[in-house]
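The block underneath contains the structure these notes are about, expressed in structure tokens.
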Amino acid sequence: MIRLLDTLGLSVWLWANRLSLLLQKLGSGIFPSSHSVNGSLHGKSPNKVHTLIAVAIGCFIVDATTADDTEVFFGGGGASPNVLFIVDVSGSMRATDGAPLPSIPNNVLWLDAADRNTLLDARGNRASNWRRFSGSVSRWLDKSGKGNHLTGTSARLADINGVTSVRFTRDIMSGPDIFDGSMSEATIFLIQQENVRSSNFFLSFNGSNFNSSGRVSFHTPWSNGNWYWDAGGAGGERSRLSNVAAVGDVTQLTAYKTVAGNENGISVNSGAFNAIGSGATAADTKGGVYLGTNAVDHELAELIVYDRKLSGEEIKTVQEHLDRKWRTRLDRVKIALNSLLETNDGFNAGLMTYSSYSRGQFSLRDEIKPVIESKESLQGHINALYASGGTPTQSAMFEGMRYFRGERPLAMGGIRSSGQPPMEQCQSNHIVLLTDGLPYGGGELRTIERYIGSNCARNQGANRRYGNCGIELAQYMHDNDHYPGVEGTNNITTHTIGLSLDLDWLGNIAAAGGGGYYSVESSEQLVSAFESIVNVAIDQATTFVAPSVTVDQFSRLAHRDDAYLALFQPTSSMRWEGNLKRYRFGGNPVAIRDQNNKEALDNTAGLFYSDSQSFWSDSPDGASTSQGGAVSKLNVATRQVTTYTGLGTKDLLDIKNRVHEANSSNLAGWFNVTGSELSNLLAWARGVDVDDEDSDGSSVDTRHSMGDPLHSQPLIVNYGGTSANPDSVVFVGTNEGYLHAINSRDGMEIYSFIPPQLLGNLNTFYQNETGTDRPYGLDGDITLWLDDKNRNGMVDPTTEHAYLYVGMRRGGRNYYALDISEKGSPKYLWTIEGGRGDFAELGQSWSKPVKTRIILADRVRDVLIFGGGYDPAQDDRSVRSADSFGNTVFVVDAGDGSLIWKTSLDRKSDYSKMIYSIPSDPGVMDLDGDGIIDQMYIGDMGGQLWRFDFRQDATSAADLVSGGLIADLATSDAKNSRRFFYPPDLALVVRHGVRFLSLAIGSGNRAHPLDKQVEDRFYMIQQKDVYKIPEGYGVKVPAYNGSPEFYRPVTEDDLFDATTNDVDNEDTIIALAARQELDDARGWMLKLQASGEKVLGESVTIDHNIVFATYLPTTRGNATTDCQAAVGGNRGYVVSLYDASPLSGENPSDRNQDLEQGGITGAISVIINHNNTDGQWSVNAITGLDSLKIPNVNLTKRVYWSENPDF
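Note that our numbering has the sequence shown beginning at 68, numbered continuously upward.
Given below as structure tokens:
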């Protein structure tokens, strides 16, 4: 064990504990275990250390710490983003893109009018022989290889988008029974165009003229505009889609049926299926194919039938083939834009088109306006688009920029813009450029060069001069402020889409413009590209991620630089999207970097770059919560979602503990739904996309979704491997109630656990109704106890164990313990249930348990210590008031969860003022390096601080602890009702030969971060009784006039007010008086100056300085306005431990700097970085994604050590 002597300054070793580089955990000298990495590996230390040097950057875990009350996410924030769609309408956009039909088994009929060799007249002449063909189709050959040809008499040739089709005007073609007498399953695809609206059938598999009994058939859109797919009896077990096709539209239809599953569904234009299942009657059928009967005027281009229900991926493959083959490129654009506008209205949109057509070279069709107001106008102009002329892409970009700037167009057609830039404060601006070919025409090379003030590179791979400024123009738009009249950087991000085109030039434009590049073929791919771009734009405005960084190590001497970010996106409904993403922390300059080693974060804006690509992600995911990361790697075929049913086995992967439809009988008691509703819910819960939320045509594929990790901080557990390639698992909880175990190598989920008490919430998330009264789940911090006998920082399940502990925070009053010793085989250990038995006083389980050891009755015992929890009654209190529960501290056995001690068992101490709940983590210390806890400190909701001293000679639990109130820093009026949600930062100080313990702590109401009524503080309180149990707790009041001596708590009157920094006053008399007052005080305090400024995380003491962050509800620093006003801003402070003076400078304002990131950044972590270029070490304090450089830190000091046996 390490024993540090008086010559060692306090913070030299404290940063090592924080980083867990060389010294860590409870057993490593006098380090407070509240700073231990993930609460793991307690009681272990290296054998010998001669000097303390940061040897590597560790493995960083980043979690989105935010307010408990989600008020911080609503009621303001950035304006909706502006998106200008610039669409190529050149002549090539009239083209279609035919391709071979992919080979998929069970194809029993394929009629393809595009292949004119399959269309024969009555004399047997093929339509490909135009000289001989009569014009009437009498025989249509089947290309499936099954020989299921159709015959008829009078259908005529026609065309759809220049490709041959067959026109039926009450004509009939029929063929054999393609299902061998039993249509038990089928999937049907067809391309058709209705020329006259009628209410008739046009395709049947009944072998008759659409009889009304047992029919399985398609209807043409009835006069009401509805499509019908009948798959049942005369009464009709039918699926219907309303108002989806206008007369003259090319329509792609997909349908399926299964008799065994009683399912049928219909999709139009690759959209979502309108399905009937679970109780419907999907009829079997016998008979041949009838085509065209009763259809007044109808064209059929292609019909493909399979005698089974295809998978979602197979359906998507065929749909994309048909889409490219039969729709023009411009038609695909129309479908995609219309789909986007129907499903997304959280942005502002404008439409510009371009070609070299002289009457409308650059046409502004719609100015940028909110979609919710302009959708009808936008869709009207989209549907009226036509294609003609060349492709002056570069010039279109230039005109788009001029529109954003409110400048006069150079060659604009269509409507005239207002001349006012469509920009507001806090608004992002985006150009989405779509084209299908090389730029041709226009150019304005010299004009653009003069405008942007630089020469453009030649030969950019884009058709000579017509594209030679595209990259530079995109860079100029991204790097400059285009509307100085509005505060902030009003730049323009450029995204590019190549339709049936993969062009490096477009990718380079997007990279220079800060956007994404998408190469697409089908309508569906185009929809996905549009949605991805818009979601990125909206996410940047509405996703509030305020991560904090902590550090883990692969082994005791080897560290990795992985950074894990737990992200979430608030919505107005029950379900908030979440994700876990992996980045790396390093490079020069040191930054969070993506898998391409590019900086992932724009530090000036506190946002992700839109083209950043996290590890595990197959494409850029930028600021999007829902794209990439662990969510993208979810696979329903391999997911193992578990709970604990208590039915005889603690193996969580046993079928009795599985969240699965096959286990519904064992799970039914936890839910308020039954039958098919329960089956659907369980399937949804284990990751099946039962409602086809991704609109890919399948309700059995993977639902790529994860709940929000609102407060859960990820934890890494190492199972082996090497430092370069560790075998690690990342654990993170969500408010949907899941504890996810994610493979750090590939992002795949190994398993997830849902406590049985949270199963009942799943239906609320499944239904996903609008509202703010959403349930919370497994949202507490995670603690690890690794019984690391060989001290290598990894789990060896043959000789060691790893136990995981997690609380529920607002989700409930329980703690759960799992045995995760074997990587893929978790086991249930125990549950502590708050509100009953020994834990009747336990409130909401906010406090993160600290793993440590005690001696009781001459026996060393492994224990957990945690605060009594949160009483939600605090949410509504403006002044401090007594709570009904949570006002205690617990010590429990770490192995079985049984109670060992709580404050009510201590008969020797005075806890009469412990009337306020305690959601804080405890701060614990082992002062003599023997691996046994000596002291513990904790604050409460009444602004009080408590000290507890642990005895090692106790024979019973009643004698184990002595404790008392050491400070009372609040009063019962509103402005002084301070609260302590976080533990004190503990540090042993030796100054001028005097030893004391420093307790650094800030106040702030985490449950109401937007509150401005309370005047919060930051404190440093001294404890002089360091190595012994004090005679009394607090300040000793001597006997006086017959009254006995007594002890009272420290109050603000006992502290030096360091706010004005008088110790550095230029007036010597004032400075000396301040120094004397400081020497006589029990510590110091800082009054936080901004309105509502508060501390919502732990501080860190390093090299005689204290580093902490504050949260400001409405402004970022001293700014008068803020683009993240709803989520607030942050300040970072670096002050002297001794007197709160600035690290540099003399003014009080020199103590802090404004941070770029909005939201609540939370706790401080310290990172020691070695620059391989100059060989220098630097120290940075990290809060969220911001850093505070700490200069002049002494990283190396002499240390004395001795070895003690481990327990």
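Glycine included, each C-beta is placed from N, C-alpha and C at the ideal position.
If you draw a straight line from the alpha carbon of P823 to that of H807, how long is it in whole angstroms?
The alpha-carbon atoms of P823 and H807 are separated by roughly 15 Å.
Alpha carbon of L853 to alpha carbon of I967, nearest angstrom
In this structure, the alpha-carbon of L853 lies about 21 Å from that of I967.
Which of helix, strand or coil does DSSP assign to S1110?
Three-state DSSP puts S1110 in a strand.
For N1172 and V1202, believed in contact at Cβ under 8 Å, the rounded distance:
Contact between V1202 and N1172 is confirmed by a C-beta separation of about 7 Å, below the 8 Å threshold.
Exposure of N487, with buried meaning 16 or more beta-carbon neighbours within 10 Å:
Per the sequence shown, residue 487 should be read as Gln rather than Asn. The Cβ neighbour count for Q487, taken over all protein chains shown within 10 Å, is under 16; the residue is labelled exposed.
Taking only three categories from DSSP, how would you classify Q592?
DSSP places Q592 within a helical segment (H, G or I) once states are collapsed to three.
How many angstroms separate the CA atom of E836 from the CA atom of S639?
In a straight line, the C-alpha of E836 is about 9 Å away from that of S639.
Using the three-state DSSP reduction, which class does M1008 fall into: helix, strand or coil?
Of the three classes helix, strand and coil, the one that applies to M1008 here is coil, per DSSP.
Have a look at G874, S743, P167, N857 and flag the residue whose alpha-carbon is nearest the alpha-carbon of T801.
With distances taken between Cα atoms, T801 lies closest to G874.
First and last residue of the beta strand (DSSP E) that includes H562?
Unbroken beta strand (DSSP E) run through H562: 559-566.
Determine the contact status of L825 and G847, defining contact as a CB-CB distance below 8 Å.
Contact flag unset, no.
Kindly list the residues whose CB is nearer than 7 Å to the CB of N663, restricted to its own chain and excluding five residues on each side of it in sequence; keep chain order.
So the qualifying residues of the chain are Q680.
Is it true that the CB of M1008 sits closer than 8 Å to the CB of R1084?
By the CB criterion at 8 Å, R1084 and M1008 fall outside the cutoff.
For W968, the first and last residue of its enclosing alpha helix (DSSP H):
No alpha helix (DSSP H) contains W968, which is instead part of the beta strand (DSSP E) from 966-969.
D863 versus K890: straight-line alpha-carbon distance, rounded:
Their Cα atoms are separated by approximately 10 Å.
If we call anything under 8 Å between Cβ atoms a contact, is R1073 one with I1000?
Not closer than 8 Å, so no.
DSSP state of Q694 mapped onto helix, strand, coil
Three-state DSSP puts Q694 in coil, outside helix and strand.
Distance between beta carbons of I171 and L377, contact taken as under 8 Å
That belief holds up - the Cβ atoms of L377 and I171 are roughly 7 Å apart, short of 8 Å.
Using the C-alpha atoms, what's the distance from G654 back to V1174?
Each residue's Cα considered, the two are about 24 Å apart.
Where M544 falls: helix, strand or coil (DSSP):
In the structure shown, M544 sits in a helix (DSSP, three-state: H, G or I).
Across which residues does DSSP place V726 in a beta bridge pair?
Within the DSSP bridge table, the entry for V726 names no partner.
Helix, strand or coil, according to DSSP, for I439 in the structure here?
Reduced to three states, the DSSP call for I439 is helix.
Return the first residue and the last residue of the alpha helix (DSSP H) that V385 is part of.
For V385, the enclosing alpha helix (DSSP H) starts and ends at 379-393.
Is V603 closer than 8 Å to G39 when the C-beta atoms are compared?
Lying before the first or after the last residue shown, residue 39 is absent from the chain, which here runs from 68 to 1274.
Quick check on the burial criterion: 16 or more other C-beta atoms within 10 angstroms. Buried or exposed for P167?
Counting C-beta atoms within 10 angstroms of its own C-beta, P167 has fewer than 16 neighbours from the protein chains shown and is therefore classed as exposed.
List the endpoints of the continuous beta strand (DSSP E) containing K1154.
Counting along the chain, the beta strand (DSSP E) containing K1154 begins and ends at 1150-1154.
Between I498, A225, L647, which has its C-alpha nearest A579's C-alpha?
The candidate whose alpha carbon is nearest that of A579 is I498.
Going by DSSP in three states, H448 sits in which element: helix, strand or coil?
Residue state, collapsed to three classes: helix.
Name the DSSP bridge partner or partners of W852?
Bridge pairing for W852: Y870 [DSSP].
Taking 6 Å as the limit between beta carbons, can you name the residues of its chain near I585, skipping five residues before and five after?
Before going on, a small fix: residue 585 reads as Tyr here, not Ile. Residues of the same chain with a CB within less than 6 Å of the CB of Y585, apart from the 5 flanking positions on each side, are I564, A596 in chain order.
With distances taken Cα to Cα, identify the nearest neighbour of S684 among Y676, S699, V1233, G379.
Residue S699 is the option with its Cα nearest to S684.
Would you identify the three-state DSSP class for P823, choosing helix, strand or coil?
The answer is helix: DSSP assigns P823 an H, G or I state.
Taking the straight line between their C-alpha atoms, what separation do you get for I932 and H868?
Taking the straight line joining both Cα atoms gives about 20 Å.
Span of the alpha helix (DSSP H) around F471:
Element bounds for F471: 460-471.
Rounded straight-line distance, which links the Cα of I382 to that of Q260:
Straight across, the Cα-Cα distance linking Q260 with I382 is about 21 Å.
Kindly indicate which three-state DSSP category Y983 falls into: helix, strand or coil?
In this structure, Y983 counts as coil in the three-state DSSP scheme.
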